[in-house]
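Colleague:
Protein chains: 2
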Amino acid sequence: MSGPTVRDVAEVAQVSLATVDRVLNNRGGVSAKVVDRVKAAVAQTGYVRNLAAANLSRRRVYRFCFVIPSGDTGFIALLHEALAREQQRLMEEQVLVQVVPTKPFDVEDQVAALRNLECDAVAVMASEAPEINEEIAALHASGVRVISLVADLPSSGRDAYVGPDNVMAGRTAGEFMGRFIKDQGNVLMIAGSLAARDHSERLLGFRMVMQERFGGCTLLPAAQGADNAERVEQIVLEAARDRRLAGIYAIGAGNRGLVRAVRTLAPRPTTIVHELTPTSREALRSGTFDLVIDQDILSGVIAAVKIMRDLTEATTPPADAGRIKLNIYSRENIQ
Amino acid sequence: MSGPTVRDVAEVAQVSLATVDRVLNNRGGVSAKVVDRVKAAVAQTGYVRNLAAANLSRRRVYRFCFVIPSGDTGFIALLHEALAREQQRLMEEQVLVQVVPTKPFDVEDQVAALRNLECDAVAVMASEAPEINEEIAALHASGVRVISLVADLPSSGRDAYVGPDNVMAGRTAGEFMGRFIKDQGNVLMIAGSLAARDHSERLLGFRMVMQERFGGCTLLPAAQGADNAERVEQIVLEAARDRRLAGIYAIGAGNRGLVRAVRTLAPRPTTIVHELTPTSREALRSGTFDLVIDQDILSGVIAAVKIMRDLTEATTPPADAGRIKLNIYSRENIQ
DNA sequence: AGAATCCTGATTGACGTACCTCAGAAATTG
DNA sequence: CAATTTCTGAGGTACGTCAATCAGGATTCT
Chain A
1116 MSGPTVRDVA EVAQVSLATV DRVLNNRGGV SAKVVDRVKA AVAQTGYVRN LAAANLSRRR
1176 VYRFCFVIPS GDTGFIALLH EALAREQQRL MEEQVLVQVV PTKPFDVEDQ VAALRNLECD
1236 AVAVMASEAP EINEEIAALH ASGVRVISLV ADLPSSGRDA YVGPDNVMAG RTAGEFMGRF
1296 IKDQGNVLMI AGSLAARDHS ERLLGFRMVM QERFGGCTLL PAAQGADNAE RVEQIVLEAA
1356 RDRRLAGIYA IGAGNRGLVR AVRTLAPRPT TIVHELTPTS REALRSGTFD LVIDQDILSG
1416 VIAAVKIMRD LTEATTPPAD AGRIKLNIYS RENIQ
Chain B
1116 MSGPTVRDVA EVAQVSLATV DRVLNNRGGV SAKVVDRVKA AVAQTGYVRN LAAANLSRRR
1176 VYRFCFVIPS GDTGFIALLH EALAREQQRL MEEQVLVQVV PTKPFDVEDQ VAALRNLECD
1236 AVAVMASEAP EINEEIAALH ASGVRVISLV ADLPSSGRDA YVGPDNVMAG RTAGEFMGRF
1296 IKDQGNVLMI AGSLAARDHS ERLLGFRMVM QERFGGCTLL PAAQGADNAE RVEQIVLEAA
1356 RDRRLAGIYA IGAGNRGLVR AVRTLAPRPT TIVHELTPTS REALRSGTFD LVIDQDILSG
1416 VIAAVKIMRD LTEATTPPAD AGRIKLNIYS RENIQ
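Chains as they are written, first to last, in the numbering used here: chain A, 1116 to 1450; chain B, 1116 to 1450.
1) Quick check on Asp-1151 of chain A: buried or exposed, where buried means 16 or more other Cβ atoms within 10 Å of its Cβ?
2) Is Thr-1392 of chain B buried or exposed, if buried means 16 or more other CB atoms sit within 10 Å of its CB?
3) Quick one: measure Cβ to Cβ for Met-1323 of chain B and Cys-1332 of chain B, integer angstroms, because I've assumed they're closer than 8 Å.
4) Just by C-beta distance, which residues in the segment 1281-1311 of chain B are closer than 8 Å to chain A?
5) Determine the contact status of Ser-1270 of chain B and Asn-1248 of chain B, defining contact as a CB-CB distance below 7 Å.
6) Taking the alpha-carbon positions, what's the Gly-1143 of chain B to Asp-1221 of chain B distance?
7) Using a beta-carbon distance below 7 Å, is Arg-1200 of chain A in contact with chain B?
8) Can you tell me whether Arg-1273 of chain B is helix, strand or coil according to DSSP?
9) Excluding sequence positions up to five away, which residues of its chain have a Cβ less than 7 Å from the Cβ of Asn-1442 of chain A?
10) What does a CB cutoff of less than 6 Å around Ile-1296 of chain A pick up in its chain, not counting 5 residues either side in sequence?
11) When Cβ atoms are compared, which residues of the segment 1144-1158 of chain A fall closer than 7 Å to chain B?
12) Would Ala-1156 of chain A and Val-1124 of chain A qualify as a contact pair, given that the criterion is a beta-carbon distance under 7 Å?
13) At what residue ranges does the segment 1165-1231 of chain B contain a whole run of the alpha helix (DSSP H), taking only runs of 4 or more?
14) Taking Cβ-Cβ distances shorter than 8 Å, what residues in chain A pair up with Ser-1445 of chain B?
15) So Ser-1242 of chain B and Ala-1311 of chain B are supposed to be a Cβ contact under 8 Å. How far apart are they, rounded?
16) Verify the CB distance criterion: does Met-1325 of chain B have a CB-CB separation below 7 Å to chain A?
17) Less than 8 Å between the CB atoms is what I'm expecting for Met-1240 of chain B and Pro-1184 of chain B, so what's the real figure, rounded?
18) From the DSSP output, read off the bridge partner residues of Cys-1234 of chain B.
19) Looking only at C-alpha atoms, which of A:Val-1214, A:Asp-1274, A:Gln-1339 and A:Arg-1346 sits nearest to Thr-1430 of chain A?
20) Note down the Cα distance separating Thr-1134 of chain A from Val-1127 of chain A, rounded to an integer number of angstroms.
21) Any beta-carbon of chain A closer than 7 Å to the one on Arg-1174 of chain B?
22) Between the alpha carbons of Ala-1426 of chain A and Ala-1381 of chain B, how many angstroms are there, rounded?
23) Thinking C-beta only, is Arg-1175 of chain B closer than 7 Å to Leu-1211 of chain B?
24) For the alpha helix (DSSP H) containing Ser-1395 of chain B, list its first residue and its last residue.
25) Alpha carbon to alpha carbon, how far is Leu-1139 of chain A from Leu-1171 of chain B?
26) Cβ atoms of Val-1347 of chain A and Leu-1319 of chain A: under 7 Å apart, would you say?
27) What residue does the alpha helix (DSSP H) around Asn-1301 of chain A start on, and which one ends it?
28) Please report the distance separating the alpha-carbon of Leu-1413 of chain A from that of Val-1420 of chain A.
29) I'd like to know whether the C-beta of Ala-1168 of chain B is nearer than 7 Å to at least one C-beta of chain A.
30) Which first and last residues belong to the alpha helix (DSSP H) in which Ser-1414 of chain A is found?
31) For Val-1388 of chain B versus Val-1407 of chain B, is the C-beta distance shorter than 7 Å?
32) Which bits of chain B does Leu-1171 of chain A rub up against, with CB to CB less than 7 Å?
33) Is there a Cβ of chain A sitting closer than 7 Å to that of Glu-1233 of chain B, yes or no?
34) Tell me whether the beta-carbon of Gly-1307 of chain B lies closer than 7 Å to the beta-carbon of Gly-1402 of chain B.
35) Using only alpha-carbon positions, find the residue among A:Ser-1117, A:Pro-1432 and A:Asp-1405 that is nearest to Arg-1294 of chain B.
36) Assuming Glu-1207 of chain B contacts Leu-1309 of chain A under a Cβ cut-off of 8 Å, what Cβ separation, rounded to an integer in Å, is found between them?
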């Protein structure tokens, strides 16, 4: 009733259990001829590994580290929350996740955090800096698998990137911005820091679309808000002195300041931001924000763990495994 | 390391393994005092039954049926594809999934399909009809757990619904339609069949938003395209005789006809459709469609299986487990 | 020919739970 | 007090896979 087992495969292939095991878990040491026979037997019997039994038997414990900025608001808070929730579930799959918080924008601290990690794989969210790239390269050389999270670090030699296509995110923002503001007026772009690759890529994508298809708008010079609410608020208020401020595209954190600023303006500029946080959700619902482009960080964490497991098992993860989907939220589809 | 086991519970409760087993699987024959002690020990240790080991031990195989319309195009094709892909993975978890295709819009055939099913749980996608509701009620009474998929059947007494909030889907479509067409012109709505609850709910949501916030538009009477490309094409061409056709909202299938029709029109009306299929993806990319509102059917299938398993285990699934997210796609974020 | 290497078989003990039997202790009954 | 019933303990086997060991046969090399 419950399907064929390794025993049946062994019988059909005329080999021992040990040999079937060697083939199935490719441990090597089996001649090509026998390998073929076993594989044929698997196909013939329709054998499928019983995952429950496999997990039960194999008691390997994976040790993964997440090196990410600390923070108790916005997206970073959601990331920590998602990690905490997943930790529970992952325990049951013998995955131990350790979170190593770093000081935001502090390269030295982030480098220090990457030192002396005791684990099989690391997921890093950091800005682009040569020191960090070097540290990651060193980690990688010492046998630890490394993936970049949310913001890619392509020149670090990381094994994989888990996060959204940030150029696409920016392009998407541009598309909706252009249509919503009817292709006219000034548009303010606020990034957190241009050193953060996710921010600069979004900016790039946004600019591209606006220039390609919405030439009626004027793009103001990109401002840097340092993910700081007060800074962001000031930037907006300053830009709003010009009466033709039609749209605001906010990349990165500091949305609370953005809400405060936009609420004082009349007419209210079309506002598009990233990441569905309690703040942006509320602003969306109340009509202060017009669109939120979100990366589902929980699915990102899940994907990251999966890829880290694949990497430590030396099985190549599927090519698109790390690509997190972009979710678009308007006031009508907040969930 | 990998969580407490029955052994730990037994030790804490100062009883034997056999007694813990008797309590956990309530086999009776244990005094109230000891039962309490064991339960306290469970709470104290944080013991959770290892489902994998349990299923392994008792050789349980889940048998689930998906009763869904047949079809090799559009959303239904994607659904079948997703099921086929999941089937592979689910075999490993001792879940046997059987797909029972039904003739679309054929109530009699769908009722027949629901008869004589040999399984633990069924997922049904069907129109609303009293005969179907009755059949589901009968199934349910005979101990089979039933969930509705994509289109809800609330008065059937199904155990759960897995699918998007279709009113929300319609409202979202309305929100973007209103903003894109700048609140003026005629809007054509094409449903497949108003008997399909997902269609009627989307229509309802769309109408609500348009009336609430976009009073400048005129809603044409809702047309029924029977999920048929030719029908849909004709409906559009007819409505387009009026020069003020500013927008089209297409619920349900038949998008190939929609593409053909819209391509002949100038100016091209703003077109919003449902489900990201090869057809709608291509239309989005080429600029024929403006927005696609998609339900990720793969995640729907996964959620459905999870819920069916919970139901057959008599553990109540989390309240929001069946809610599939809505994904919004513009030409810039197709993936 | 002898030694080294490679391939395969046979066997064993986990993993955590379910389910069974048998025996003995404790509590209840007549 | 003896006879019964109720409760509990001890121990075992099974589920299907992983992982490891040991031993011996077949090849290849020197």
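Note that CB positions come from ideal geometry on N, CA and C, so glycine has one too.
Modeller: The relevant details are as follows:
1) Within the first sequence, residue 1151 of chain A is the residue found at index 36, counting from 1. Exposed: under 16 other Cβ atoms inside 10 Å.
2) Locating residue 1392 of chain B in the second sequence gives position 277, counting from the first residue. Buried, by the Cβ-count rule.
3) Residue mapping note: residue 1323 of chain B aligns to position 208 of the second sequence, counting from 1. Residue mapping note: residue 1332 of chain B aligns to position 217 of the second sequence, counting from 1. 13 Å between Cβ atoms; not a contact.
4) Result list: Met-1283, Ala-1284, Arg-1286, Thr-1287, Gly-1289, Glu-1290, Phe-1291, Arg-1294, Phe-1295 and Lys-1297.
5) Working through the second sequence from its first residue, we reach residue 1270 of chain B at position 155. Working through the second sequence from its first residue, we reach residue 1248 of chain B at position 133. The answer is yes: Cβ separation under 7 Å.
6) By 1-based counting over the second sequence, the position of residue 1143 of chain B is 28. By 1-based counting over the second sequence, the position of residue 1221 of chain B is 106. Spanning the two alpha carbons is a distance of roughly 49 Å.
7) Here the question's residue 1200 of chain A lines up with position 85 in the first sequence. Arg-1200 of chain A does not count as touching chain B.
8) The sequence position of residue 1273 of chain B within the second sequence is 158, counting from 1. If DSSP states are grouped into helix, strand and coil, Arg-1273 of chain B belongs with coil.
9) The count along the first sequence starts at 1 and reaches residue 1442 of chain A at position 327. Taken in chain order, the residues that qualify are Asp-1409 and Asp-1411.
10) Against the first sequence, residue 1296 of chain A aligns to sequence position 181. Ala-1361, Gly-1362 and Thr-1385.
11) For the segment 1144-1158 of chain A, the set of residues with a beta-carbon nearer than 7 Å to any beta-carbon of chain B is empty.
12) For this step, residue 1156 of chain A is matched to residue 41 along the first sequence. For this step, residue 1124 of chain A is matched to residue 9 along the first sequence. Contact: yes.
13) DSSP runs (the alpha helix (DSSP H)) wholly in the segment 1165-1231 of chain B: 1166-1173, 1189-1206 and 1222-1229.
14) Residue mapping note: residue 1445 of chain B aligns to position 330 of the second sequence, counting from 1. Per Cβ cutoff of 8 Å: Thr-1287, Glu-1290, Phe-1291 and Ile-1443.
15) Translated into positions along the second sequence, residue 1242 of chain B becomes position 127. Translated into positions along the second sequence, residue 1311 of chain B becomes position 196. Here Ser-1242 of chain B really is in contact with Ala-1311 of chain B; their C-beta atoms are around 5 Å apart, less than 8 Å.
16) On the second sequence, position 210 is the one that residue 1325 of chain B refers to. It does not: the Cβ of Met-1325 of chain B has no partner Cβ on chain A nearer than 7 Å.
17) To locate residue 1240 of chain B, count along the second sequence from 1; it is residue 125. To locate residue 1184 of chain B, count along the second sequence from 1; it is residue 69. Correct: roughly 7 Å between the Cβ atoms.
18) Sequence index remark: in the second sequence, residue 1234 of chain B carries index 119 (1-based). DSSP, once it has assigned bridges, lists no residue as partnering Cys-1234 of chain B.
19) Taking the first residue of the first sequence as position 1, residue 1430 of chain A is located at position 315. With distances taken between Cα atoms, Thr-1430 of chain A lies closest to A:Asp-1274.
20) The residue given as residue 1134 of chain A occupies position 19 in the first sequence. The residue given as residue 1127 of chain A occupies position 12 in the first sequence. If I take the Cα positions, the gap works out to 13 Å.
21) Within the second sequence, numbered from 1, the residue matching residue 1174 of chain B stands at position 59. So, interface residue.
22) The sequence position of residue 1426 of chain A within the first sequence is 311, counting from 1. The sequence position of residue 1381 of chain B within the second sequence is 266, counting from 1. In the sequence as displayed, the identity of residue 1426 of chain A is Leu instead of Ala. Rounded to whole angstroms, Leu-1426 of chain A to Ala-1381 of chain B spans 53 Å at the Cα level.
23) Start at 1 with the first residue of the second sequence, and residue 1211 of chain B comes out as number 96. Start at 1 with the first residue of the second sequence, and residue 1175 of chain B comes out as number 60. No, the pair does not count as a contact, with Cβ atoms beyond the cut-off.
24) One-based indexing of the second sequence puts residue 1395 of chain B at position 280. Here the alpha helix (DSSP H) through Ser-1395 of chain B covers 1393-1401.
25) Position 24 of the first sequence, counted from the first residue, corresponds to residue 1139 of chain A. Position 56 of the second sequence, counted from the first residue, corresponds to residue 1171 of chain B. Spanning the two alpha carbons is a distance of roughly 20 Å.
26) Position 204 of the first sequence holds residue 1319 of chain A. Position 232 of the first sequence holds residue 1347 of chain A. The answer is no: Cβ separation not under 7 Å.
27) The count along the first sequence starts at 1 and reaches residue 1301 of chain A at position 186. Careful: Asn-1301 of chain A lies outside any alpha helix (DSSP H), inside the beta strand (DSSP E) at 1300-1306.
28) Against the first sequence, residue 1413 of chain A aligns to sequence position 298. Against the first sequence, residue 1420 of chain A aligns to sequence position 305. Spanning the two alpha carbons is a distance of roughly 11 Å.
29) Numbered from 1 along the second sequence, position 53 holds the residue referred to as residue 1168 of chain B. By this cut-off, Ala-1168 of chain B is an interface position.
30) By one-based count along the first sequence, residue 1414 of chain A stands at place 299. Its alpha helix (DSSP H) spans residues 1412-1427.
31) Taking the first residue of the second sequence as position 1, residue 1388 of chain B is located at position 273. Taking the first residue of the second sequence as position 1, residue 1407 of chain B is located at position 292. Yes, the pair counts as a contact, with Cβ atoms nearer than the cut-off.
32) Along the first sequence, one-based indexing puts residue 1171 of chain A at 56. The contacting residues are Ala-1167, Ala-1168 and Leu-1171.
33) Stepping through the second sequence from its first residue, residue 1233 of chain B is reached at position 118. The beta carbon of Glu-1233 of chain B sits no closer than 7 Å to any beta carbon of chain A.
34) The residue you call residue 1307 of chain B lines up with position 192 of the second sequence. The residue you call residue 1402 of chain B lines up with position 287 of the second sequence. Taking 7 Å as the Cβ cut-off, Gly-1307 of chain B and Gly-1402 of chain B do not qualify as a contacting pair.
35) Locating residue 1294 of chain B in the second sequence gives position 179, where the first residue counts as 1. Ranking the options by Cα distance to Arg-1294 of chain B, first place goes to A:Asp-1405.
36) Here residue 1207 of chain B refers to the residue found at position 92 of the second sequence. Here residue 1309 of chain A refers to the residue found at position 194 of the first sequence. Wrong, their Cβ atoms sit about 46 Å apart, outside the cutoff.
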